[in-house]
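J.: Residue numbers (UniProt numbering): 1 to 253. Take this structure, written in structure tokens, and hold onto it; I'll ask about it next.
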Ligand SMILES: [Fe+2]
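See below:
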């Protein structure tokens, strides 16, 4: 398995606290069957900046440590980038980097809204040949209360990544139900861990795929796993045009 969203790097955001925890997390990833992880520390979220060159340097250092510990895990650089008005300038300055060497870029909205400038930002990224991947849309309250707003962004060329722990129920039954419904209705293109530590928020990717397998089917799991592989190879991820149908007895917030 490939995990495209994690906070595995030590001591640079609210993820792994130090190298020991990074090593513990890496071992846990391998035990689950994950062979490749993209490290996506927070960028511009109001607390952490983590410019691209520092992330790339640290990934190289951590890979050496993992190799010394004989942990068969390949790690690549990336960022989880909070939308902001300087986004395109930061991209030009290479403070913002894509996921590994791809044309995919992981974008995070504030928890409660989709910023007004999002469509324009996504258009500018698309003009440059970049595909924004929206991190955990199921945890954004504007999307959660009206998932058709995510459909609109997907129609503009964005993709969406659901977090394994949302599928597994860590964020409560509402987000769990919403996540599965989004998967069923083709609003999701990637499942990844957003792992932050080796205790409460580790990977949970195998459990999430197992849940998707039993609730939707093995083709859906294969689709997500293939998309992560395509991303690493910088190939085009096929996305159906979704249409959100409100499930009966729908309730959220
Ligand atoms: Fe994250």
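Glycine included, C-beta positions come from ideal geometry on N, C-alpha and C.
Measure the C-alpha to C-alpha separation of residue 86 and residue 120 and round it to an integer number of angstroms.
T.: Residue mapping note: residue 86 aligns to position 86 of the chain shown, counting from 1. Residue mapping note: residue 120 aligns to position 120 of the chain shown, counting from 1. Taking the straight line joining both Cα atoms gives about 13 Å.
J.: For the structure I just gave you, are there three or more beta carbon pairs, one from the region 217-228 and one from the region 23-34, closer than 8 Å?
T.: Because the criterion of three Cβ pairs below 8 Å is not met, the region 217-228 and the region 23-34 do not touch.
J.: Would you please state the rounded distance, in angstroms, between the beta carbons of residue 212 and residue 167? I believe it to be under 8 Å.
T.: As a working note, residue 212 is residue 212 in the chain shown. As a working note, residue 167 is residue 167 in the chain shown. Between residue 167 and residue 212 the Cβ distance is about 7 Å, and since that is below 8 Å, they are a contact.
J.: Please determine, among 181, 198, 160, 207, the residue with the shortest C-alpha to C-alpha distance to residue 238.
T.: One-based indexing of the chain shown puts residue 238 at position 238. Comparing Cα-Cα distances from residue 238 to each of 181, 198, 160, 207, the minimum goes to 160.
J.: Drop a sphere of 10 angstroms on the beta-carbon of residue 155, count the other beta-carbons inside from all chains shown, and report buried for 16 or more, exposed for fewer.
T.: Taking the chain shown and counting its residues from 1, one reaches residue 155 at position 155. Exposed, by the Cβ-count rule.
J.: Alpha carbon to alpha carbon, how far is residue 105 from residue 204?
T.: For the purposes of this step, residue 105 is identified with residue 105 of the chain shown, where counting begins at 1. For the purposes of this step, residue 204 is identified with residue 204 of the chain shown, where counting begins at 1. Their Cα atoms are separated by approximately 23 Å.
J.: Determine the closest residue to residue 103 out of 248, 234, 141, 11, with distance taken between C-alpha atoms.
T.: Translated into positions along the chain shown, residue 103 becomes position 103. Ranking 248, 234, 141, 11 by Cα distance to residue 103 puts 234 first.
J.: Examine the Cβ distances between the region 112-131 and the region 173-184 and report whether three or more of them are shorter than 8 Å.
T.: Because the criterion of three Cβ pairs below 8 Å is not met, the region 112-131 and the region 173-184 do not touch.
J.: May I have the straight-line CA-CA distance separating residue 164 from residue 192, to the nearest angstrom?
T.: Here residue 164 is taken as the residue at index 164 of the chain shown, counted from 1. Here residue 192 is taken as the residue at index 192 of the chain shown, counted from 1. In a straight line, the C-alpha of residue 164 is about 6 Å away from that of residue 192.
J.: Can you tell which of 229, 210, 194, 245 has the C-alpha that lies nearest to the C-alpha of residue 80?
T.: For the purposes of this step, residue 80 is taken as the residue at position 80 of the chain shown. For the residues 229, 210, 194, 245, the minimum Cα distance to residue 80 belongs to 194.
J.: Reducing DSSP to helix, strand and coil, say where residue 74 ends up.
T.: As a first step, residue 74 is located in the chain shown; it is residue number 74 there, counting from the start. Strand.
J.: If you draw a straight line from the C-alpha of residue 141 to the C-alpha of residue 188, how long is it?
T.: As a first step, residue 141 is located in the chain shown; it is residue number 141 there, counting from the start. As a first step, residue 188 is located in the chain shown; it is residue number 188 there, counting from the start. Cα to Cα, the separation comes out at about 17 Å.
J.: Let me check you understand the geometry: is the CB of residue 5 closer than 7 Å to at least one non-hydrogen atom of ligand 1?
T.: Sequence index remark: in the chain shown, residue 5 carries index 5 (1-based). Yes, since a heavy atom of ligand 1 falls inside the 7 Å radius drawn around the Cβ of residue 5.
J.: Determine, using beta carbons only, whether residue 41 and residue 7 come nearer to each other than 8 Å.
T.: As a first step, residue 41 is located in the chain shown; it is residue number 41 there, counting from the start. As a first step, residue 7 is located in the chain shown; it is residue number 7 there, counting from the start. Yes, they are a contact pair.
J.: Check residue 3 in the structure and name its three-state DSSP category.
T.: As a first step, residue 3 must be located in the chain shown, where it is residue number 3. In this structure, residue 3 counts as strand in the three-state DSSP scheme.
J.: Is residue 62 near residue 9, with beta carbons less than 8 Å apart?
T.: Within the chain shown, numbered from 1, the residue matching residue 62 stands at position 62. Within the chain shown, numbered from 1, the residue matching residue 9 stands at position 9. Yes.
J.: Who does residue 39 pair with in a DSSP beta bridge?
T.: Translated into the one-based positions of the chain shown, residue 39 becomes position 39. Bridge partners of residue 39: 6, 77.
J.: Taking only beta-carbon atoms, is residue 114 less than 8 Å away from chain B?
T.: Considering every chain present, this structure includes no chain B. It has just one protein chain.
J.: Please classify residue 166: does DSSP put it in a helix, a strand, or coil?
T.: Within the chain shown, residue 166 is the residue found at index 166, counting from 1. Three-state result, residue 166: helix.
J.: From 39, 69, 72, pick the residue whose C-alpha is nearest to that of residue 57; which is it?
T.: By 1-based counting over the chain shown, the position of residue 57 is 57. It is 39 whose Cα lies nearest to the Cα of residue 57.
J.: Put residue 241 into one of helix, strand or coil per three-state DSSP.
T.: On the chain shown, position 241 is the one that residue 241 refers to. Coil.
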